[in-house]
Amino acid sequence: MGCCASSLSKEPGLENDHRHHHGHRLSYSVNGTTSSGRDGGSSRGFMEFSLAELKAATNNFSSDKIVSESGEKAPNVVYEGRLQNRRWIAVKKFTKMAWPDPKQFVEEAREVGKLRHKRLANLIGYCCDGDERLLVVEFMPNETLAKHLFHWENQTPEWAMRLRVALYIAEALDYCSREGRPLYHDLNAYRVLFDENGDPRLSCFGLMKNRRDGKSYSTNLAYTPPEYLRNGRVTPESVVFSFGTVLLDLLSGKHIPPSHALDMIRGKNILLLMDSHLEGNFLAEEANVVFDLASQCLQYEPRERPKTKDLVSTLTPLQNKPDVQSYVMLGISKHEEAPPTPQHPLSPMGDACSRMDLTAIHQYLVMQHYKDDEGTNELSFQEWTQQMRDMLDARKRGDLAFRDKDFKTAIDCYSQFIDVGAMISPTVHARRSLCYLMCDQADAALRDAMQSQCIYPDWSTAFYMQAVALAKLDMHKDAADMLSEAVMLEEKKQKVGKLS
Numbered sequence: 001m002g003c004c005a006s007s008l009s010k011e012p013g014l015e016n017d018h019r020h021h022h023g024h025r026l027s028y029s030v031n032g033t034t035s036s037g038r039d040g041g042s043s044r045g046f047m048e049f050s051l052a053e054l055k056a057a058t059n060n061f062s063s064d065k066i067v068s069e070s071g072e073k074a075p076n077v078v079y080e081g082r083l084q085n086r087r088w089i090a091v092k093k094f095t096k097m098a099w100p101d102p103k104q105f106v107e108e109a110r111e112v113g114k115l116r117h118k119r120l121a122n123l124i125g126y127c128c129d130g131d132e133r134l135l136v137v138e139f140m141p142n143e144t145l146a147k148h149l150f151h152w153e154n155q156t157p158e159w160a161m162r163l164r165v166a167l168y169i170a171e172a173l174d175y176c177s178r179e180g181r182p183l184y185h186d187l188n189a190y191r192v193l194f195d196e197n198g199d200p201r202l203s204c205f206g207l208m209k210n211r212r213d214g215k216s217y218s219t220n221l222a223y224t225p226p227e228y229l230r231n232g233r234v235t236p237e238s239v240v241f242s243f244g245t246v247l248l249d250l251l252s253g254k255h256i257p258p259s260h261a262l263d264m265i266r267g268k269n270i271l272l273l274m275d276s277h278l279e280g281n282f283l284a285e286e287a288n289v290v291f292d293l294a295s296q297c298l299q300y301e302p303r304e305r306p307k308t309k310d311l312v313s314t315l316t317p318l319q320n321k322p323d324v325q326s327y328v329m330l331g332i333s334k335h336e337e338a339p340p341t342p343q344h345p346l347s348p349m350g351d352a353c354s355r356m357d358l359t360a361i362h363q364y365l366v367m368q369h370y371k372d373d374e375g376t377n378e379l380s381f382q383e384w385t386q387q388m389r390d391m392l393d394a395r396k397r398g399d400l401a402f403r404d405k406d407f408k409t410a411i412d413c414y415s416q417f418i419d420v421g422a423m424i425s426p427t428v429h430a431r432r433s434l435c436y437l438m439c440d441q442a443d444a445a446l447r448d449a450m451q452s453q454c455i456y457p458d459w460s461t462a463f464y465m466q467a468v469a470l471a472k473l474d475m476h477k478d479a480a481d482m483l484s485e486a487v488m489l490e491e492k493k494q495k496v497g498k499l500s
């Protein structure tokens, strides 16, 4: 079940975006700005999948489900899939030759599976069944950095978005380094993926490496760290070198060999390197900082390259559009998914919530009026003070505004009623919750829905409103759980009614 607004916990640090499940009780982080979507830095456990589960999720590894850039030609193919709980996943299918030792494959998968960060496309499971070697990760629906930079159709990423990509990937690398996984193999623009919010994430596939397979760089040798060419070893400094090549991609919009870029940087021909599509839309001072950082990353001697924490500290001050959503800067639409419909007949309220139909929810709440508040307040004659009359007048004005779909006025009037505190009404909180949803304030809507549950713990409407707010906040698994709980409460109430 949900929890009272007083128990809302402050969101932990960057690495964690936890949803704690204790029985049916959930606690959500809702602080003014709510943490994003489909488990940004998910805390869900790492698990072993059966081959049958992954076949079902990918339509038996259908070619229609392939999302990897090279399609079926790639030795290790990536498929899009959807689990029975409706969660979207990506499945990487390796050949047995890539991982001949099943024990080593499982050990590596479990180690990488311990990492959880909102800057990573996190590894959530694996399958090692006979000759099959499969990794399961969070699905990133909005293509790769390579696609957005080199093969864009509608618009190229703007300067502020490129700076954000650089920072987020630096943060991902720094997190991995701090967690004891500093080696990342073949870092390039194809390893940077965009989630449903348009935020860049680093693929976790580059963190896994078969120690018996010396091939760590699949790209052109011109982009390979010089020390790898000398001894075939990948070091943390090699990863920083590769990050430098990604910075060049972001600056130029092209895949430029590092040696050529360094010659131009030394010759002060920086503007010639800049992506011509950015002309007039970037600050030269910021570009100089990024070019300087790229130059440091691409130093021939590994010891002269910066640490991952230095990458983060250099790029953080350059972020100049912190309040603009990534999907807006990428020019993509944000997909808003309704919670899945439970396998039961739904009431009018349940049907409206499952369809995310706010207009139908409004109609239901208007028709229901205050029937569900019966018994929550019994006032004595002495309590009919002037303050009480004013409070009820505020509620009446709120009801009129709510009926007329003047949601901002309704919020103000209902807030006056609630602030007096002499009466408690789950319906007022539910109505104000919908008003907040209509005004695109899903975090406040969730708080009100949870408060209505505190007043009336077994009220299905409180759970339905939480489901809608959670779906608006991209917390789809929790929204589905809440919707199912609301349906169960309705069924329970109907059974009790038949018996009485």
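In this text, residue positions in the sequence shown follow the UniProt record's numbering: the first is 1, and each later residue adds one. Glycine included, C-beta positions come from ideal geometry on N, C-alpha and C. Only a predicted model underlies this, so the values are computations on that prediction, with no experimental measurement involved.
Measuring only the C-alpha atoms, how far is residue i from residue j?
i, j, result
"Lys-209", "Glu-171", "21 Å"
"Asp-64", "Phe-150", "24 Å"
"Asp-399", "Glu-138", "44 Å"
"Arg-87", "Lys-477", "8 Å"
"Glu-107", "Phe-417", "58 Å"
"Glu-155", "Lys-321", "Residue 155 is actually Gln in this sequence, not Glu. If you take the alpha carbons of Gln-155 and Lys-321, they lie about 18 Å apart."
"Trp-99", "Arg-133", "7 Å"
"residue 517", "Asp-199", "Given a span of 1 to 500 for the chain in the structure shown, any question on residue 517 remains unanswerable."
"Pro-306", "Val-240", "7 Å"
"Cys-128", "Phe-105", "8 Å"
"Val-420", "Asp-390", "9 Å"
"Met-423", "Tyr-414", "12 Å"
"Gly-180", "Ser-433", "44 Å"
"Arg-110", "Val-366", "52 Å"
"Val-77", "Arg-403", "54 Å"
"Ala-189", "Phe-61", "26 Å"
"Ser-326", "Leu-392", "44 Å"
"Ala-430", "Leu-437", "11 Å"
"Leu-229", "Tyr-223", "10 Å"
"Glu-53", "Ile-124", "14 Å"
"Ser-332", "Leu-163", "One point to set straight first is that residue 332 is Ile, not Ser, in the sequence displayed. Their Cα atoms are separated by approximately 18 Å."
"Ser-203", "Lys-55", "22 Å"
"Ala-401", "Lys-334", "31 Å"
Spatial neighbours of residue i within its chain, please: C-beta separation below 8 Å, excluding the five flanking residues on both sides.
i, result
"Thr-58", "Lys-65, Tyr-79, Glu-80, Gly-81, Val-91"
"Ala-160", "Gln-319, Asn-320, Lys-321, Val-324, Met-329"
"Glu-378", "Caution is warranted here: a pLDDT of 45 is assigned to Glu-378, below 50, making its placement in the model unreliable, and the coordinate value is therefore given only provisionally. Nothing listed; no residue qualifies."
"Thr-316", "Leu-167"
"Leu-264", "The identity of residue 264 in the sequence shown is Met, whereas the question assumes Leu. Counting only Cβ-Cβ distances below 8 Å, and skipping sequence neighbours, we find Ile-270, Leu-272, Leu-273."
"Ala-261", "Leu-248, Ser-252, Leu-273, Ala-294, Leu-298"
Identify every residue that forms a DSSP beta bridge with residue i.
i, result
"Pro-200", "Phe-194"
"Phe-94", "Arg-133"
"Leu-120", "Leu-202"
"Ile-256", "Bridge partners of Ile-256: none, in fact."
"Trp-88", "Arg-82"
"Cys-127", "Leu-134"
"Met-47", "Gly-125"
"Ile-66", "Tyr-79"
"Thr-144", "Leu-193"
Looking only at its own chain, which residues have a Cβ that is under 7 Å from the Cβ of residue i, when we skip the five neighbours before and after it?
i, result
"Lys-492", "none"
"Lys-408", "Cys-439"
"Val-428", "Arg-395, Tyr-414, Phe-417, Ile-418"
Following the continuous alpha helix (DSSP H) through residue i, name the residue where it begins and the one where it ends.
i, result
"Gly-350", "348-354"
"Val-289", "284-297"
"Tyr-228", "226-231"
"Cys-435", "426-438"
"Thr-156", "No alpha helix (DSSP H) contains Thr-156, which DSSP labels as neither H nor E."
"Ala-410", "407-420"
"Ala-449", "442-455"
"Ser-276", "Run containing Ser-276: none; DSSP gives neither H nor E here."
"Gly-113", "102-113"
"Phe-463", "460-472"
"Lys-309", "308-315"
"Thr-359", "358-368"
"Val-328", "326-330"
What first and last residue would you give for the beta strand (DSSP E) that runs through residue i?
i, result
"Tyr-79", "77-82"
Can residue i be considered in contact with the ligand COA, in the sense that its beta carbon sits closer than 7 Å to one or more heavy atoms?
i, result
"Pro-258", "As far as ligands go, the structure on display features none, and thus does not contain the ligand COA."
With a threshold of 6 Å on Cβ separation, who are the neighbours of residue i within its own chain once the five nearest residues in sequence on each side are excluded?
i, result
"Ser-242", "Leu-187"
"Leu-183", "Val-234"
"Gly-37", "Note that Gly-37 scores 34 on pLDDT, short of 50, meaning its location in the model is unreliable and no value can be drawn from it."
"Tyr-456", "Pro-426"
"Tyr-370", "Thr-427"
Looking at chain B, is there any beta carbon in it that lies within less than 8 Å of the beta carbon of residue i?
i, result
"Gly-125", "Among the protein chains of the structure shown there is no chain B, as only one such chain exists."
Item to check | the stretch 311-320 in contact with the stretch 171-181 per 3-pair CB rule at 8 Å | outcome: yes
Checklist entry - With contact counted as at least three CB pairs below 8 Å, one residue from each stretch, are the stretch 236-256 and the stretch 269-277 in contact? => result Yes, since at least three Cβ pairs between the stretch 236-256 and the stretch 269-277 fall closer than 8 Å, the two stretches touch.
Checklist entry - Within the chosen definition, does the stretch 442-449 reach the stretch 465-479 through at least 3 CB pairs nearer than 8 Å? => result yes
Checklist entry - Should the stretch 483-492 be regarded as contacting the stretch 349-359, the criterion being three or more beta carbon pairs within less than 8 Å? => result yes
Checklist entry - Are at least three pairs of beta-carbons, each pair with one atom in the stretch 280-287 and one in the stretch 296-305, less than 8 Å apart? => result Because the criterion of three Cβ pairs below 8 Å is not met, the stretch 280-287 and the stretch 296-305 do not touch.
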